[in-house]
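1 is the number of the first residue of the sequence shown in UniProt numbering; add one for each residue after it.
We put the CB at the ideal spot given by N, CA and C, even for glycine.
This report concerns only the one structure given below.
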Amino acid sequence: MSTHTTTAGGVQVCSLKRDTPQTIPASSPYTVIRFPFGSAESSDAFAMHQVNQPDGYVITNWDSDPRSGLIWPSVAGWGTLHAMIQWEAGNYDELRDQFVRDPLGLTPNPNDTTATEHRPPSPGMQCWTKSWGIFVNPSVPLAVRATHDDSVARKIVLAEFKLVIHEAA
């Protein structure tokens, strides 16, 4: 009979949901998708998405401040990012989205993008999901960003952004 012992680190999750429209300007650079604090559909038991940011900044209006789109990892480890973005119907040739480490230039290594996708539209409303694994660090905030190539501003009508961290054992 063999004995198997496993020492496992914990799992920490931050799950955000935006169910009010966010306008993305025409011909804009990537825009951080912003999320409310304390939403009934959101979960932040490990304080990764807070009004009082880890660097001392305080968000006063989540809907206009791009910092409300940041998740600050609670621990270092292997992170799995998940996002869901639903766009209103429009005259798109391409929709774009990406995950990004430090999208606002708060660290010495800003705009470290990953999982960038350029997608052709489907008929009607545009609904996309994505997942990607990366190493995360508490000093480097994460976000999901999006843009489009329609000639007029368009709305993201629903979005979710989630981080699952598997701590190193």
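Quick check: what's the CA-CA separation for residue i versus residue j?
| i | j | result |
| --- | --- | --- |
| Ser42 | Glu167 | 21 Å |
| Gln12 | Ile134 | 14 Å |
| residue 170 | Gly90 | A query on residue 170 cannot be resolved here, the shown segment of the chain reaching from 1 to 169 and no further. |
| Pro73 | Pro121 | 32 Å |
| Met84 | Asp97 | 10 Å |
| Ala8 | Gly77 | Note that Ala8 scores 47 on pLDDT, short of 50, meaning its location in the model is unreliable and no value can be drawn from it. |
| Asn111 | Val100 | 6 Å |
| Asp93 | Pro36 | 30 Å |
| Ala40 | Ile71 | 17 Å |
Is the Cβ-Cβ distance between residue i and residue j less than 8 Å?
| i | j | result |
| --- | --- | --- |
| His82 | Lys17 | no |
| Pro138 | Val51 | no |
| Lys155 | Thr31 | no |
| Thr113 | Val164 | no |
| residue 178 | Pro54 | Since the displayed the chain opens at 1 and closes at 169, residue 178 lies outside it and no answer follows. |
| Gly69 | Ala143 | yes |
Assign residue i to one of three DSSP states: helix, strand, or coil.
| i | result |
| --- | --- |
| Thr7 | Because the pLDDT at Thr7 is just 35, under 50, the model does not fix this residue reliably, and the point stays unresolved. |
| Arg34 | coil |
| Val157 | strand |
| Gly105 | coil |
| Ser68 | helix |
| Glu91 | The identity of residue 91 in the sequence shown is Asn, whereas the question assumes Glu. Correct three-state label for Asn91: coil. |
Tell me which residue opens and which closes the beta strand (DSSP E) that residue i is part of.
| i | result |
| --- | --- |
| Ala76 | Run containing Ala76: none; DSSP gives neither H nor E here. |
| Glu117 | 112 to 119 |
| Trp62 | Neither: Trp62 is in no beta strand (DSSP E) and is coded neither H nor E. |
| Gly56 | From DSSP, Gly56 is part of no beta strand (DSSP E); its letter is neither H nor E. |
Inset, instruction - May I ask you to verify whether the segment 58 to 71 touches the segment 109 to 126, counting CB pairs closer than 8 Å and requiring at least 3? - result: Taking one beta carbon from each stretch, the segment 58 to 71 and the segment 109 to 126 have fewer than 3 pairs nearer than 8 Å; the two do not touch.
Inset, instruction - Please confirm if the segment 147 to 160 is in contact with the segment 99 to 112, defined as three or more CB-CB distances below 8 Å between the two stretches. - result: No, they do not touch.
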